[in-house]
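*Asks:* Residue numbers for the sequence shown, in my numbering: 2 to 302.
Each residue gets a CB set at the ideal place from its N, CA and C atoms; glycine is no exception.
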Amino acid sequence: MILFARNIEHAPQLATLIATLRRTVPGVLLMVDQEGGRVARLRPPHWRAHPPAAAFGNLYARDKRAGLRAAWVGGALVGLDCAAAGFDIAAAPVLDRTISGAHQVIGDRAFGDDSVAVARLGRAFAAGLLAGGIQPVMKHAPGHGRAMVDSHHALPQVDANDLDADLLPFALNTDLPWAMTAHIVYPAWDPSLPATLSPGVIGPIIRGRIGFNGVLVTDDINMQALAGAPAELAVRALAAGCDLACYCSGELAPTAALLAAVPPLSEAAIARLAAARSLAVRRRVALDATALAGERDRLLA
């Protein structure tokens, strides 16, 4: 289950909601979009403010060591907040590149334009999340940075033929436990279907060239980039090779129809989910949030 700002009022209310969800659906995994910057569902005054990824990228451009440390600390602080609130998974980090002239839906959510820098900073942020006890989700594979329109509102098409630089941050982080697909058409790989629905992108590119073998979840199939009934889209995404279809409207009737239409989790998906949970348990360490917040602020000052 994924929760949004509409589900979150303050810490006691959220704690009650999450306890109810866990009683109602034993074993449920709870996800939240908590990148920092513009994309944050846990916000002040009840939770910390977190900087966008670009802040770490800007520091890295001046001082690589400081930038990497700040990204780790930033991820750890997000992880601590999410874990304390009761979540298991944070939909971060963004491994898309910042591309000049592209739509700003990614913008400062990205660590920068250099593939290796994005990969290193993303890895550091993800390691911080894991240290805080949270499973990270790298997004949006195989790369959203070149999109000229916002996939929340329309279907982007990326016409570039050489996308190696966009793939590299994901390829250098294939050991991360989760990845999220992009609702984008890449004619170099599939002339008509967006990556989320394309066996020709998910198999040969995400699982193949990138080499990712963790949990693959779709971006929200309720976004306007995709046309069709949610249940149909979910079935198609799973058939294309995604492990999970993410549907975030909060509307009960289409959600019920979707749940009735999709098959049970595959054995491969169950194994990947178990591995992701185990990784977060193994990598969690005791952290001093107050000291880390001070260090982060000093590094970014």
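I believe Ala56 touches Leu301 by the beta-carbon criterion, under 8 Å. Please report the beta-carbon distance rounded to the nearest angstrom.
*Replies:* In the sequence shown, residue 56 corresponds to position 55, counting from 1. In the sequence shown, residue 301 corresponds to position 300, counting from 1. Indeed they touch by this definition, with Cβ atoms about 6 Å apart.
*Asks:* Quick one: measure Cβ to Cβ for Ala77 and Leu293, integer angstroms, because I've assumed they're closer than 8 Å.
*Replies:* Position 76 of the sequence shown, counted from the start, is the residue given in the question as residue 77. Position 292 of the sequence shown, counted from the start, is the residue given in the question as residue 293. With a Cβ gap of about 6 Å, Ala77 and Leu293 count as contacting.
*Asks:* Who does Thr25 pair with in a DSSP beta bridge?
*Replies:* On the sequence shown, residue 25 is found 24 positions in, with the first residue counted as 1. BP columns for Thr25 are empty, so no partner.
*Asks:* Which residues does DSSP list as the beta-bridge partners of Met149?
*Replies:* Here residue 149 refers to the residue found at position 148 when the sequence shown is read from its first residue. The partner list for Met149 (beta bridge, DSSP) is empty, contrary to what the question assumes.
*Asks:* Express the C-alpha separation of Ala290 and Gly142 in angstroms, rounding to a whole number.
*Replies:* Taking the first residue of the sequence shown as 1, we reach residue 142 at position 141. Taking the first residue of the sequence shown as 1, we reach residue 290 at position 289. The sequence given here has Ala at residue 142, not Gly. Spanning the two alpha carbons is a distance of roughly 31 Å.
*Asks:* Any idea what DSSP makes of Thr175, helix, strand or coil?
*Replies:* Here residue 175 corresponds to residue number 174 of the sequence shown, with the count starting at 1. In the structure shown, Thr175 sits in coil (DSSP, three-state: anything other than H, G, I, E or B).
*Asks:* Report the three-state DSSP secondary structure of Val74 (helix, strand or coil).
*Replies:* As a position in the sequence shown, residue 74 is number 73, starting the count at 1. It is helical.
*Asks:* Tell me the DSSP secondary structure of Leu288 in three-state form.
*Replies:* Taking the first residue of the sequence shown as 1, we reach residue 288 at position 287. Coil.
*Asks:* From this set, Arg297, Arg284, Met149, Ala12, which residue's C-alpha is nearest Ala103's C-alpha?
*Replies:* On the sequence shown, position 102 is the one that residue 103 refers to. That would be Met149, whose Cα lies nearest to the Cα of Ala103.
*Asks:* Of the choices Ala71, Asn59, Asp109, Ala161, whose alpha-carbon is the least far from that of Gly129?
*Replies:* On the sequence shown, residue 129 is found 128 positions in, with the first residue counted as 1. Selected option, being the one with the closest Cα: Ala71.
*Asks:* So, is Gln225 buried or exposed, given that buried needs 16 or more other C-beta atoms within 10 angstroms?
*Replies:* Residue 225 sits at position 224 when you count from the first residue of the sequence shown. Exposed, because fewer than 16 other Cβ atoms sit within 10 Å of the Cβ of Gln225.
*Asks:* Starting from Leu30, trace the alpha helix (DSSP H) in both directions and tell me its first and last residue.
*Replies:* For the purposes of this step, residue 30 is identified with residue 29 of the sequence shown, where counting begins at 1. Careful: Leu30 lies outside any alpha helix (DSSP H) and carries neither H nor E.
*Asks:* Please state whether the Cβ-Cβ distance between Asp217 and Leu227 is less than 8 Å.
*Replies:* Looking up residue 217 in the sequence shown gives position 216. Looking up residue 227 in the sequence shown gives position 226. Strictly speaking, residue 217 in this sequence is Leu, with Asp absent from that position. Not in contact: Leu217 and Leu227 (Cβ atoms no closer than 8 Å).
*Asks:* Tell me, to the nearest whole angstrom, how far the beta carbon of Ala38 is from that of Ala54; I am working on the premise that it is less than 8 Å.
*Replies:* Numbered from its first residue, the sequence shown carries residue 38 at position 37. Numbered from its first residue, the sequence shown carries residue 54 at position 53. Correcting the residue type first, residue 38 is Gly in the shown sequence and not Ala. Between Ala54 and Gly38 the Cβ distance is about 7 Å, and since that is below 8 Å, they are a contact.
*Asks:* If you run the structure through DSSP and keep just helix, strand and coil, what is Gln14?
*Replies:* Within the sequence shown, numbered from 1, the residue matching residue 14 stands at position 13. Three-state result, Gln14: helix.
*Asks:* Just the Cα atoms here: how many angstroms apart are Leu60 and Pro94?
*Replies:* Taking the first residue of the sequence shown as 1, we reach residue 60 at position 59. Taking the first residue of the sequence shown as 1, we reach residue 94 at position 93. Their backbone Cα atoms lie some 17 Å apart in a straight line.
*Asks:* In the DSSP assignment, find the unbroken beta strand (DSSP E) run with Gly37 in it and report its ends.
*Replies:* Taking the first residue of the sequence shown as 1, we reach residue 37 at position 36. 35-37 is the extent of the beta strand (DSSP E) around Gly37.
*Asks:* Given this structure, state the Cα-to-Cα distance separating Pro200 from Trp190, to the nearest angstrom.
*Replies:* The residue labelled residue 200 in the question sits at position 199 within the sequence shown. The residue labelled residue 190 in the question sits at position 189 within the sequence shown. Cα to Cα, the separation comes out at about 10 Å.
*Asks:* Let me know the secondary structure DSSP gives Ala55 once reduced to three states.
*Replies:* Translated into the one-based positions of the sequence shown, residue 55 becomes position 54. Three-state result, Ala55: helix.
*Asks:* Taking the alpha-carbon positions, what's the Ile9 to Val79 distance?
*Replies:* Position 8 of the sequence shown holds residue 9. Position 78 of the sequence shown holds residue 79. Spanning the two alpha carbons is a distance of roughly 16 Å.
*Asks:* Once the 5 residues before and after Ala86 are set aside, which same chain residues still bring their CB inside 8 Å of it?
*Replies:* Indexing the sequence shown from 1 puts residue 86 at position 85. Ala12, Leu15, Ala16, Ile19, Val33, Leu43, Trp48.
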